[in-house]
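*Asks:*
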Amino acid sequence: MNSDLMKLSAFSRRCFVERAAKSFLGVSLGSLAGRALAAGGANLPDYPKGKGKAKSIIYLFMDGGMSHLDTLDPKPEKKDVQGPIGAIQTKIPGVQFGSVLPKLAQRADKFAVVRSLHHTMGNHEIGKYKVWTGYEQQTGITHPAMGAWVAKQAERLNPNLPSYVKMGGLAGHPANGFFEVKHAPLPITSPTEGIQNVKLRGEMTMDEFRRDLSLAQRIDRNFLARFDSKQVRAYGDLYKDAIAMMTSKDLGAFDIGKEPKEVQQRYGDDDFGKGCLLARRLVEHGVRFVEVSLGGWDTHTDNHKGVADRAKTLDGVLSALLDDLAAKGLIDSTLVVLTTEFGRSPKIDEYAGRNHFPIAYSSILAGGGVQGGQVHGKTSADGSYVVDGMIRPWELNSTIAYALGLDIYNMEMPFPGGQLFSIAGKDTQIDKAQPLTNLFS
Numbered sequence: 001m002n003s004d005l006m007k008l009s010a011f012s013r014r015c016f017v018e019r020a021a022k023s024f025l026g027v028s029l030g031s032l033a034g035r036a037l038a039a040g041g042a043n044l045p046d047y048p049k050g051k052g053k054a055k056s057i058i059y060l061f062m063d064g065g066m067s068h069l070d071t072l073d074p075k076p077e078k079k080d081v082q083g084p085i086g087a088i089q090t091k092i093p094g095v096q097f098g099s100v101l102p103k104l105a106q107r108a109d110k111f112a113v114v115r116s117l118h119h120t121m122g123n124h125e126i127g128k129y130k131v132w133t134g135y136e137q138q139t140g141i142t143h144p145a146m147g148a149w150v151a152k153q154a155e156r157l158n159p160n161l162p163s164y165v166k167m168g169g170l171a172g173h174p175a176n177g178f179f180e181v182k183h184a185p186l187p188i189t190s191p192t193e194g195i196q197n198v199k200l201r202g203e204m205t206m207d208e209f210r211r212d213l214s215l216a217q218r219i220d221r222n223f224l225a226r227f228d229s230k231q232v233r234a235y236g237d238l239y240k241d242a243i244a245m246m247t248s249k250d251l252g253a254f255d256i257g258k259e260p261k262e263v264q265q266r267y268g269d270d271d272f273g274k275g276c277l278l279a280r281r282l283v284e285h286g287v288r289f290v291e292v293s294l295g296g297w298d299t300h301t302d303n304h305k306g307v308a309d310r311a312k313t314l315d316g317v318l319s320a321l322l323d324d325l326a327a328k329g330l331i332d333s334t335l336v337v338l339t340t341e342f343g344r345s346p347k348i349d350e351y352a353g354r355n356h357f358p359i360a361y362s363s364i365l366a367g368g369g370v371q372g373g374q375v376h377g378k379t380s381a382d383g384s385y386v387v388d389g390m391i392r393p394w395e396l397n398s399t400i401a402y403a404l405g406l407d408i409y410n411m412e413m414p415f416p417g418g419q420l421f422s423i424a425g426k427d428t429q430i431d432k433a434q435p436l437t438n439l440f441s
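Using full-length UniProt numbering, read the sequence shown as starting at 1 and increasing by one per residue.
1) Please confirm if the stretch 391-402 is in contact with the stretch 104-117, defined as three or more CB-CB distances below 8 Å between the two stretches.
2) Among 94, 283 and 71, which residue has its Cα nearest to the Cα of residue 83?
3) Taking the straight line between their C-alpha atoms, what separation do you get for residue 386 and residue 73?
4) Just verifying my parser: in three-state terms, what is the DSSP assignment at residue 442?
5) Short check: CB of residue 345 to CB of residue 354, under 8 Å?
6) Less than 7 Å between C-beta atoms, sequence neighbours within five positions excluded: which residues of the same chain meet that for residue 270?
7) Closest to residue 374 by CA distance: which of 171, 119, 368 and 92 is it?
8) Identify the continuous alpha helix (DSSP H) that holds residue 146 and give its terminal residues.
9) Looking at the secondary structure, which residues open and close the beta strand (DSSP E) in which residue 115 lies?
10) Report the start-end ranges of each alpha helix (DSSP H) in the stretch 41-100 that is 4 residues or longer and not cut off at the edges.
11) Only counting the same chain, and skipping five residues up and downstream in sequence, which positions put a Cβ closer than 6 Å to that of residue 277?
12) Smallest Cα separation from residue 368: which of 332, 339, 337 and 348?
13) DSSP beta-bridge partners for residue 293?
14) Tell me whether residue 125 is buried or exposed, calling it buried when 16 or more other Cβ atoms sit within 10 Å of its Cβ.
15) Which stretch, first to last residue, makes up the alpha helix (DSSP H) that contains residue 267?
16) When we look at the beta-carbon of residue 222 and count the other beta-carbons within 10 Å, is it buried (16 or more) or exposed?
17) Roughly how many whole angstroms lie between the Cα atoms of residue 141 and residue 179?
18) Taking only three categories from DSSP, how would you classify residue 361?
19) From the DSSP output, read off the bridge partner residues of residue 374.
20) Going by beta carbon distance, what residues of the same chain come within less than 7 Å of residue 272, once the five residues before and after it are set aside?
21) Can you name, in chain order, every residue of its own chain whose Cβ lies under 6 Å from the Cβ of residue 86, other than the five neighbours on each side?
22) Assign residue 97 to one of two classes, buried (16 or more other C-beta atoms within 10 Å of its C-beta) or exposed (fewer than that).
23) Can you give the Cα-Cα distance for residue 305 and residue 176, rounded to whole angstroms?
24) Just to confirm, is the Cβ distance from residue 174 to residue 145 under 8 Å?
25) Flag this pair as yes or no: are the beta carbons of residue 334 and residue 58 separated by less than 8 Å?
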């Protein structure tokens, strides 16, 4: 970077750092477009780009490690594994779910279940990172979360709204990673309150706002003229996006209070339900990727009680979301993904708990061109390992990208002369990644 940047006035430096801190500064120094850059032009796997119909993604993350054995992949024949939660028949012949998901069992013909997810990271922090990014953590670099890849590669559907929104804070989340800050998610602390700090302060009039904005823009232009870099331009873009959103009629998309009371009631009273309702409103208005989390799945003690409690919420809310998307005519253009950082162990310990288990876990994909009523993959009789159709985190992310018609092998280089990365994985593993094209109709 230009050494003159180190000579900025204290005021300029402070403003720059404050803006960076508030926006989670990325470190991307360049995008090297094109698949030919990967591994020196190595032969890359081919796939029929754009098969999926999705325009937007609603990404539901079950925070803590959802037990596959008590939800989407029960083992009723193994009494010592299954425990108190039984299994029930779904609408798919021969396919059972945990008895705590009765509503989803009746809608199983509307989505696909993946029972063969696998990785080896049994710690929450590194397991989440692996699932969100497709990569293992490494010193000196933060990889982008899947939503950031979508924000960067998919053209905006609504120029006045962000491409990527996340319910809750960003602590511990990779966010935009090494991408420019403009690809970071907009965090929504409370889905009930929606987006905050978008009204003019105090008695400020719109004329006063425009005057101050004009002054700020002149300062920004002067700053950019002296210190032109991709990072600085990215903050300028972020600033412009914020102004466009503040003055847009689409800002009402963040207000779930506009929904009929009966619709609000179907989603329930907790933040997960309200977050999913807000997610539906946002994709309806052209937001590309919305992430919503449901915590409480880390069931080291009283697993079956904890799972039953969390599953009751999940069962009602996800069923309401799928029904709502179908009623609104959005199900074909919206891919709903439910996943978690890992599953839970087949062994039930002395505390009636299940421990972390990344060796096998399950996910759901619905809408966005996915053919419902399918089950991909299979685990062993006790659910302890994958026996067929193993899927790694970067392959699930590749499937999400495939549904949107993105190029999963498009490479990004965060540092000049450094490693190359893509949705499908880094250059050394790219020949191994394939999206689950068989799930799409």
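Ideal Cβ placement from N, Cα and C applies to all residues, glycine included.
*Replies:* The short version:
1) As far as the Cβ criterion goes, the stretch 391-402 touches the stretch 104-117, which means the pair count is three or higher.
2) Residue 83 has its Cα closest to that of 71, out of 94, 283 and 71.
3) In a straight line, the C-alpha of residue 386 is about 12 Å away from that of residue 73.
4) No answer is possible for residue 442: the residues shown for the chain start at 1 and end at 441.
5) Between residue 345 and residue 354, the gap from beta carbon to beta carbon is short of 8 Å.
6) Residues of the same chain with a CB within less than 7 Å of the CB of residue 270, apart from the 5 flanking positions on each side, are 313 in chain order.
7) Minimum Cα distance to residue 374 is reached at 92.
8) 146-153 is the extent of the alpha helix (DSSP H) around residue 146.
9) Residue 115 -> beta strand (DSSP E) spans 111-117.
10) Whole alpha helix (DSSP H) segments, 4+ residues: 79-82.
11) Counting only Cβ-Cβ distances below 6 Å, and skipping sequence neighbours, we find 256 and 267.
12) Among 332, 339, 337 and 348, the Cα nearest to that of residue 368 belongs to 332.
13) In DSSP, residue 293 forms a bridge with 61.
14) It is exposed - the Cβ of residue 125 has fewer than 16 other Cβ atoms within 10 Å.
15) For residue 267, the enclosing alpha helix (DSSP H) starts and ends at 261-267.
16) Answer is exposed; the Cβ neighbour count stays below 16.
17) C-alpha separation (whole angstroms): 11 Å.
18) DSSP places residue 361 in strand when its eight states are reduced to three.
19) 112, per the DSSP bridge assignment.
20) The residues 292, 294, 313 and 317, in chain order, have a CB closer than 7 Å to that of residue 272 in the same chain once the five nearest residues on each side in sequence are set aside.
21) Shown here for residue 86: same chain residues with a beta carbon closer than 6 Å to its own, the five before and five after excluded, namely 99 in chain order.
22) With 16 or more Cβ atoms within 10 Å of its Cβ, residue 97 is classed as buried.
23) When rounded, the distance between both Cα atoms is 36 Å.
24) With respect to residue 145, residue 174 sits close: the two C-beta atoms are nearer than 8 Å.
25) A contact, by the Cβ cut-off of 8 Å.
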